[in-house]
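Q: Mind having a look at this structure? Questions to follow.
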Amino acid sequence: MTGKMVTRRQFLKHAGATAALLGLSEAMIPQLAKALEQLSTSGKPPIIWIQGQNCTGCSVSFLNSNYPGVAEVVLDKLSVRYHPNVMGGTGQTAVQAINDTVAAAKAGKGIYVLVVEGPIPLSENGDYCTFGLNDTKKKNLDGTSVQVPADKTVHEWMQELVPGAAAVIANGNCASFGGIPAANAGVTGATKVSDIVAQIDPKKPMVNVGGCPSHPDWFLGTALQALIALKVLPGGKPLDLNSNLMSKTFFGQLIHENCERRAAFDAGLFLEDWNDQNPDMKLCMFKQGCKGPVTYADCPTRRWNSAVNWCVGANAPCHGCASPQFYKDLSPLYQPLPNVNFAGISPSTDVLGWVAAGATAVGIGAHYLYKQLGSKPEEAEGGEK
Ligand code: SF4
Ligand code: SF4
Numbered sequence: 022m023t024g025k026m027v028t029r030r031q032f033l034k035h036a037g038a039t040a041a042l043l044g045l046s047e048a049m050i051p052q053l054a055k056a057l058e059q060l061s062t063s064g065k066p067p068i069i070w071i072q073g074q075n076c077t078g079c080s081v082s083f084l085n086s087n088y089p090g091v092a093e094v095v096l097d098k099l100s101v102r103y104h105p106n107v108m109g110g111t112g113q114t115a116v117q118a119i120n121d122t123v124a125a126a127k128a129g130k131g132i133y134v135l136v137v138e139g140p141i142p143l144s145e146n147g148d149y150c151t152f153g154l155n156d157t158k159k160k161n162l163d164g165t166s167v168q169v170p171a172d173k174t175v176h177e178w179m180q181e182l183v184p185g186a187a188a189v190i191a192n193g194n195c196a197s198f199g200g201i202p203a204a205n206a207g208v209t210g211a212t213k214v215s216d217i218v219a220q221i222d223p224k225k226p227m228v229n230v231g232g233c234p235s236h237p238d239w240f241l242g243t244a245l246q247a248l249i250a251l252k253v254l255p256g257g258k259p260l261d262l263n264s265n266l267m268s269k270t271f272f273g274q275l276i277h278e279n280c281e282r283r284a285a286f287d288a289g290l291f292l293e294d295w296n297d298q299n300p301d302m303k304l305c306m307f308k309q310g311c312k313g314p315v316t317y318a319d320c321p322t323r324r325w326n327s328a329v330n331w332c333v334g335a336n337a338p339c340h341g342c343a344s345p346q347f348y349k350d351l352s353p354l355y356q357p358l359p360n361v362n363f364a365g366i367s368p369s370t371d372v373l374g375w376v377a378a379g380a381t382a383v384g385i386g387a388h389y390l391y392k393q394l395g396s397k398p399e400e401a402e403g404g405e406k
């Protein structure tokens with residue numbers, strides 16, 4: 022795949038301006054640009070990006086990156102060998118690019134990083150999700166057998182691609198945790214990528230990027246951090262992951278802690294009805310189903326769409342799409358978290374009635390909300406320890 026050519030100067034301009042957003046030290050950017058430049062002439066680190074049971078939303082999110090210079094230079098310099106939506110080749114030519122990359126890695130001529138978008142369906146022998154072909158044996162009526170092409174499942178691709186990959190990146194909530202496709206996993210057997218990788222090679226370096234979709238910075242920053250950890254790019258700094266294998270740079274703090282409406286929560290000022298409140302009042306949306314108190318992500322500070330806004334800022338409750346509990350355990354999305362027990366106080370009917378009655382809510386945090394999810398915050402979400 023070829024990206025639009027971006028000059029080193031353009032890269033430095035974009036990357037320098039957004040280094041903090043990417044979770045990279047600004048001092049690293051010139052080094053990174055130099056390394057990427059060298060890599061473009063002397064063997065780019067290849068990426069093989071495959072899709073399981075996904076909606077392609079995470080690819081679209083990444084390609085709509087706020088920082089086209091950065092996205093394009095990375096796509097161009099890192100040599101994305103296979104990506105179903107943006108590669109030039111089709112059919113056997115496209116699949117051959119994967120086979121050539123794997124063969125080169127096997128021969129010790131370079132490495133590749135495997136990016137997986139979407140969980141892996143295992144029901145019906147994985148037939149829900151296929152691309153490319155396998156040669157399989159078919160018996161003739163006379164007892165002889167012939168080789169015939171058959172659909173190759175994404176699960177079979179995983180078995181082929183994981184062993185030789187330097188690292189695996191699950192991009193998006195559904196790849197990382199099952200997300201929406203796994204909410205009814207009984208149908209397709211949607212299985213999170215890390216479970217498949219653990220079956221194939223438990224020691225394989227693996228990182229999850231949450232979000233539905235993932236934020237372009239989350240994916241790009243995590244991919245660069247992984248390449249730095251693998252020493253493909255300079256620095257050699259190990260990836261700082263939480264217990265859900267997510268980069269702490271992006272998923273280290275609760276949304277609730279940094280939310281611009283936290284003061285309203287603490288004061289007991291809640292949006293009670295979508296129709297009778299003035300949105301300018303900036304009321305807390307806990308009662309309308311906000312999952313910010315149990316979701317670790319930096320949306321309030323990073324924001325989306327060129328840092329213009331984010332869900333709560335646009336008067337929509339956080340749906341918790343970066344959380345491992347999304348979708349099944351956090352739905353219905355517009356219902357408040359159930360049976361909340363605030364610091365030992367268990368309101369019977371109105372979970373926040375006591376707040377409205379004048380009790381202070383200062384200090385209420387995820388630790389109490391997490392009691393309802395049956396685990397400590399750091400266990401459930403893998404927050405900072
Ligand atoms: S995480 Fe959400 S947006 Fe991304 S591919 Fe999965 S379902 Fe689509
Ligand atoms: S419950 Fe939601 S809207 Fe209210 S303060 Fe927390 S994150 Fe913000």
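Numbering (this note's numbering), first residue to last: 22 to 406. Ideal Cβ placement from N, Cα and C applies to all residues, glycine included.
#1: Within the same chain, show all residues whose beta-carbon is closer than 7 Å to that of lysine 158, passing over the 5 residues directly before and after it, in chain order.
#2: Leucine 154 bridges to which residues according to DSSP?
#3: From the DSSP output, in three-state form, read off isoleucine 132 for me.
#4: Give the residues whose C-beta lies closer than 7 Å to at least one heavy atom of ligand 2, in chain order.
#5: For a test of the three-state rule: what should DSSP assign to serine 215, helix, strand or coil?
#6: Measuring only from the beta carbon, is cysteine 150 closer than 7 Å to any heavy atom that is part of ligand 1?
#7: Alpha carbon to alpha carbon, how far is phenylalanine 133 from valine 228?
#8: Considering only their Cβ atoms, is the gap separating glutamate 138 from alanine 203 smaller than 8 Å?
#9: Is the segment 205-215 touching the segment 137-157, taking contact as three or more C-beta pairs under 8 Å?
#10: Taking 7 Å as the cut-off, is the C-beta of glycine 341 nearer than that to any heavy atom in ligand 1?
#11: May I have the straight-line CA-CA distance separating leucine 315 from cysteine 305, to the nearest angstrom?
#12: If alanine 247 and leucine 266 are in contact, beta carbons under 8 Å, what's the gap, nearest whole angstrom?
#13: Please classify methionine 407: does DSSP put it in a helix, a strand, or coil?
#14: To which residues of the same chain is threonine 122 closer than 7 Å at the C-beta, ignoring the five residues directly before and after it?
#15: Using CA atoms only, rank isn't needed, just tell me which of Glu278, Ala115, Met108 is closest to alanine 318.
#16: Would you say the beta carbon of isoleucine 201 is closer than 7 Å to some non-hydrogen atom of ligand 1?
#17: Give the secondary structure of tryptophan 70 by DSSP, where H, G and I count as helix, E and B as strand, and everything else as coil.
#18: Kindly confirm or deny that the segment 323-332 and the segment 292-302 touch, where touching means at least three C-beta pairs closer than 8 Å.
#19: Alpha carbon to alpha carbon, what distance is there between alanine 191 and isoleucine 201?
#20: Rounded to a whole number of angstroms, what is the C-alpha to C-alpha distance between tyrosine 348 and alanine 171?
A: So, from the listed chains and residues:
#1: As a first step, residue 158 is located in the sequence shown; it is residue number 137 there, counting from the start. Hits under 7 Å: Ser166, Gln168.
#2: Here the question's residue 154 lines up with position 133 in the sequence shown. For leucine 154, which the question treats as bridged, DSSP gives the partners Asp172.
#3: Counted from its first residue, the sequence shown places residue 132 at position 111. If DSSP states are grouped into helix, strand and coil, isoleucine 132 belongs with coil.
#4: Ile276, His277, Cys280, Arg282, Arg283, Ala285, Phe286, Cys305, Met306, Phe307, Cys311, Gly313, Pro314, Val333, Pro338, Cys339
#5: What you label residue 215 is simply residue 194 of the sequence shown in a count that begins at 1. Helix, per DSSP.
#6: Locating residue 150 in the sequence shown gives position 129, counting from the first residue. No, Cβ of cysteine 150 sits at least 7 Å from all heavy atoms of ligand 1.
#7: Here residue 133 is taken as the residue at index 112 of the sequence shown, counted from 1. Here residue 228 is taken as the residue at index 207 of the sequence shown, counted from 1. It is tyrosine, not phenylalanine, that sits at residue 133 in the sequence shown. If I take the Cα positions, the gap works out to 15 Å.
#8: In the sequence shown, residue 203 corresponds to position 182, counting from 1. In the sequence shown, residue 138 corresponds to position 117, counting from 1. Contact: no.
#9: yes
#10: Counting from 1 along the sequence shown, the entry for residue 341 is found at position 320. Result no, Cβ not under 7 Å from ligand 1.
#11: Against the sequence shown, residue 315 aligns to sequence position 294. Against the sequence shown, residue 305 aligns to sequence position 284. Checking the sequence shown, residue 315 turns out to be valine, not leucine. For valine 315 and cysteine 305, the distance between alpha carbons rounds to 15 Å.
#12: Numbered from 1 along the sequence shown, position 226 holds the residue referred to as residue 247. Numbered from 1 along the sequence shown, position 245 holds the residue referred to as residue 266. Not a contact, Cβ separation roughly 11 Å.
#13: No statement about residue 407 is possible, as the shown extent of the chain runs from 22 to 406 and does not include it.
#14: Translated into the one-based positions of the sequence shown, residue 122 becomes position 101. Excluding sequence neighbours, threonine 122 sits near Pro67, Ile69, Arg102, Tyr133.
#15: In the sequence shown, residue 318 corresponds to position 297, counting from 1. If we check each option's Cα against that of alanine 318, Glu278 comes out closest.
#16: Here residue 201 refers to the residue found at position 180 when the sequence shown is read from its first residue. The answer is yes for isoleucine 201.
#17: Position 49 of the sequence shown holds residue 70. DSSP places tryptophan 70 in strand when its eight states are reduced to three.
#18: no
#19: Position 180 of the sequence shown, counted from the first residue, corresponds to residue 201. Position 170 of the sequence shown, counted from the first residue, corresponds to residue 191. Computed Cα separation, rounded: 15 Å.
#20: Counting from 1 along the sequence shown, the entry for residue 348 is found at position 327. Counting from 1 along the sequence shown, the entry for residue 171 is found at position 150. Rounded to the nearest angstrom, the two C-alpha atoms are 33 Å apart.
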